[in-house]
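There are 2 protein chains.
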Amino acid sequence: MTTKEQILRIGDELIRDKGINAFSFTDISGKLGIKNASVHYHFATKDALVLAVINRHIEKVTQLRERNAAKDPTFQLQAFISTYAVVKKENKICLVGSLASDLNTVNKTIRKKLTELADLILDWVTEILETGKSTGVFHFNTKTRTKALLVITAMLASVQLSRLTGDTDFKRIKESIIQELTTTL
Amino acid sequence: MTTKEQILRIGDELIRDKGINAFSFTDISGKLGIKNASVHYHFATKDALVLAVINRHIEKVTQLRERNAAKDPTFQLQAFISTYAVVKKENKICLVGSLASDLNTVNKTIRKKLTELADLILDWVTEILETGKSTGVFHFNTKTRTKALLVITAMLASVQLSRLTGDTDFKRIKESIIQELTTTL
DNA sequence: GTCTATATTCCGATAGAC
DNA sequence: GTCTATCGGAATATAGAC
Numbered sequence: 188m189t190t191k192e193q194i195l196r197i198g199d200e201l202i203r204d205k206g207i208n209a210f211s212f213t214d215i216s217g218k219l220g221i222k223n224a225s226v227h228y229h230f231a232t233k234d235a236l237v238l239a240v241i242n243r244h245i246e247k248v249t250q251l252r253e254r255n256a257a258k259d260p261t262f263q264l265q266a267f268i269s270t271y272a273v274v275k276k277e278n279k280i281c282l283v284g285s286l287a288s289d290l291n292t293v294n295k296t297i298r299k300k301l302t303e304l305a306d307l308i309l310d311w312v313t314e315i316l317e318t319g320k321s322t323g324v325f326h327f328n329t330k331t332r333t334k335a336l337l338v339i340t341a342m343l344a345s346v347q348l349s350r351l352t353g354d355t356d357f358k359r360i361k362e363s364i365i366q367e368l369t370t371t372l
Numbered sequence: 188m189t190t191k192e193q194i195l196r197i198g199d200e201l202i203r204d205k206g207i208n209a210f211s212f213t214d215i216s217g218k219l220g221i222k223n224a225s226v227h228y229h230f231a232t233k234d235a236l237v238l239a240v241i242n243r244h245i246e247k248v249t250q251l252r253e254r255n256a257a258k259d260p261t262f263q264l265q266a267f268i269s270t271y272a273v274v275k276k277e278n279k280i281c282l283v284g285s286l287a288s289d290l291n292t293v294n295k296t297i298r299k300k301l302t303e304l305a306d307l308i309l310d311w312v313t314e315i316l317e318t319g320k321s322t323g324v325f326h327f328n329t330k331t332r333t334k335a336l337l338v339i340t341a342m343l344a345s346v347q348l349s350r351l352t353g354d355t356d357f358k359r360i361k362e363s364i365i366q367e368l369t370t371t372l
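Residue numbers (my numbering), protein chains in the order written: chain S, 188 to 372; chain R, 188 to 372.
Shown next, in the form of structure tokens:
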């Protein structure tokens with residue numbers, strides 16, 4: 188992996204571990220055994236790095252969506268939920284939740300790019316639920332987009348809240364989502 | 188209101204507006220027209236202030252719970268949800284969500300106090316749902332505590348996520364929670 | 001591409017006058 | 001209780017050598 192890629196990866200982890208306002212370029216350079224100034228060579232400003240991290244997530248979500256497009260809705264939903272299980276195992280939170288929490292401290296460009304990511308995820312989950320409902324796999328009466336919001340909020344917040352109420356709560360929430368969707372009304 | 192109370196109120200707002208790592212004592216003193224050092228007179232350290240803010244919330248939630256204890260479950264749930272509607276109108280996020288996001292940057296004492304608040308809220312909502320179910324007002328098959336977690340995560344995350352997907356999404360999520368709970372299975 | 005060195009700014013916190 | 005003044009530290013960022 189190139190230094191630039193490693194900086195991206197570590198930056199991503201730090202944002203989701205401590206938040207955008209609690210990590211520094213020195214944190215990154217320290218983990219790589221290089222100096223502060225070298226990080227600035229690859230990303231001129233902190234904002235540029237954050238923007239690149241968001242773009243990295245947009246690419247990953249897009250790939251995950253496309254790779255599973257032909258699978259059945261339950262499998263696709265599991266694929267979506269699994270990404271949060273990874274986050275939980277790392278004792279971190281998701282990028283959207285981290286940056287949305289700090290939204291009033293970031294510039295317009297980052298805000299816009301993050302909105303792009305959030306819309307992408309919402310669109311994807313809405314599509315999964317829509318397909319699942321029309322094929323009779325999922326059952327719900329709420330408007331599909333709103334149901335997708337409920338699924339996403341449950342995952343986004345459970346990685347945060349289960350830090351306090353107990354890590355096993357993440358699993359309970361995760362399983363109840365599938366349970367409720369697949370139970371006949 | 189005393190200076191100390193005003194510092195508490197402004198500190199509370201700043202934590203929920205920008206996060207614990209993006210506000211300073213100077214932000215607070217500036218809003219009060221006093222100096223940095225004066226804030227330190229009332230709260231020796233930033234940690235002491237944060238701790239007091241959490242305690243303030245514990246008191247408020249306790250009071251809200253007790254004040255509505257005799258009301259019917261639907262009313263009580265509305266009371267709970269209304270607190271997030273206030274937060275949303277301020278364009279802020281809830282204290283638990285803000286501090287849970289930054290949890291890896293705070294000390295053990297704050298962590299423990301925040302856990303106390305989270306448990307209090309979870310206990311309250313679980314009780315509301317339990318009463319509602321036994322009196323036939325609410326309908327759900329998921330374990331009561333887990334359902335409470337789903338309600339709380341929906342509110343906690345919707346104030347964050349609707350900053351990106353659209354503020355009206357908060358209302359949609361809020362109403363669908365009541366809708367789903369009161370719909371016969 | 002990475003380094004040293006540094007400019008600048010801000011933060012948390014404290015000492016001591018009033 | 002609030003002030004001025006200040007210390008020590010850390011952060012973002014840049015200039016210029018290698």
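Each residue gets a CB set at the ideal place from its N, CA and C atoms; glycine is no exception.
The ligand FAD and residue i: does any heavy atom of the ligand fall closer than 7 Å to the residue's C-beta?
{"i": "Asn278(R)", "result": "Looking at this structure, you won't find the ligand FAD or any other ligand, since it has none at all."}
Using only alpha-carbon positions, find the residue among the options that is nearest to residue i.
{"i": "Lys279(R)", "options": "Leu219(S), Asn291(S) and Thr270(S)", "result": "Asn291(S)"}
{"i": "His229(S)", "options": "Glu317(S), Thr189(S) and Ala209(S)", "result": "Thr189(S)"}
{"i": "Val293(R)", "options": "Leu304(S), Lys205(S), Leu195(S) and Lys191(S)", "result": "Lys205(S)"}
{"i": "Ile364(R)", "options": "Phe327(R), Gly353(R) and Arg350(R)", "result": "Phe327(R)"}
{"i": "Asp259(R)", "options": "Val324(R), Thr296(R) and Ser269(R)", "result": "Val324(R)"}
{"i": "Lys275(S)", "options": "Lys358(S), Thr369(S) and Glu367(S)", "result": "Lys358(S)"}
{"i": "Lys334(R)", "options": "Gly319(S), Leu304(S) and Lys361(S)", "result": "Lys361(S)"}
Does the Cβ-Cβ distance between residue i and residue j come in under 8 Å?
{"i": "Val283(S)", "j": "Leu307(S)", "result": "no"}
{"i": "Val237(S)", "j": "Ile197(S)", "result": "no"}
{"i": "Ser345(S)", "j": "Thr340(R)", "result": "yes"}
{"i": "Ser288(S)", "j": "Ser288(R)", "result": "yes"}
{"i": "Leu251(R)", "j": "Ala272(R)", "result": "no"}
Can you tell me whether DSSP reads residue i as helix, strand or coil?
{"i": "Asp306(R)", "result": "helix"}
{"i": "Val324(R)", "result": "coil"}
{"i": "Val248(S)", "result": "helix"}
{"i": "Gly319(R)", "result": "helix"}
{"i": "Leu372(R)", "result": "coil"}
{"i": "Thr151(S)", "result": "Summary: the structure shown does not reach residue 151(S), with chain S confined to residues 188 through 372, and so no result is reported for it."}
{"i": "Lys222(R)", "result": "coil"}
{"i": "Phe210(R)", "result": "coil"}
{"i": "Lys334(R)", "result": "helix"}
{"i": "Asp199(S)", "result": "helix"}
{"i": "Asp356(S)", "result": "helix"}
{"i": "Thr292(S)", "result": "helix"}
{"i": "Asn255(S)", "result": "coil"}
{"i": "Asn242(R)", "result": "helix"}
{"i": "Glu192(R)", "result": "helix"}
{"i": "Thr261(S)", "result": "helix"}
{"i": "Lys279(S)", "result": "coil"}
Quick one: what's got a C-beta closer than 8 Å to residue i's C-beta in the same chain, skipping five residues either side?
{"i": "Thr329(R)", "result": "Leu337"}
{"i": "Arg332(R)", "result": "Leu309 and Thr313"}
{"i": "Gln193(S)", "result": "Leu219"}
{"i": "Leu348(R)", "result": "Asp356"}
{"i": "Arg298(R)", "result": "Leu290"}
Can you list, in chain order, the residues of its chain with a C-beta nearer than 7 Å to that of residue i? Leave out the 5 residues immediately preceding and following it.
{"i": "Asp214(S)", "result": "Leu201"}
{"i": "Ile371(S)", "result": "Correcting the residue identity first, residue 371(S) is Thr in this sequence and not Ile. Cβ within range, chain order: His326."}
{"i": "Ser216(R)", "result": "Lys222, Asn223, Ser225 and Val226"}
Closer than 7 Å by beta-carbon distance: list the chain R residues that pair up with residue i, in chain order.
{"i": "Ile280(S)", "result": "Ser288"}
{"i": "Val274(S)", "result": "Result: empty, since nearest Cβ-Cβ is about 13 Å, beyond 7 Å."}
{"i": "Leu309(S)", "result": "Thr352"}
Looking only at its chain, what residues have a beta carbon closer than 6 Å to the beta carbon of residue i, apart from the 5 residues adjacent to it on each side?
{"i": "Leu264(R)", "result": "Ile315"}
Can you list the residues of chain R that residue i reaches, using a CB-CB cut of under 8 Å?
{"i": "Asp306(S)", "result": "Leu351 and Thr352"}
Using a C-beta to C-beta distance shorter than 7 Å, which residues of chain S count as neighbours of residue i?
{"i": "Asn208(R)", "result": "Gly206, Asn208 and Ala209"}
{"i": "Asp452(R)", "result": "The requested residue 452(R) does not occur in the structure, where chain R is confined to residues 188 to 372."}
Under 9 Å Cβ-Cβ, which residues of chain S neighbour residue i?
{"i": "Asn255(R)", "result": "The contacting residues do not exist; Asn255(R) stays about 22 Å from chain S at best."}
{"i": "Val283(R)", "result": "Gln347, Leu348 and Leu351"}
{"i": "Ala341(R)", "result": "Leu336, Leu337, Thr340, Ala341 and Ala344"}
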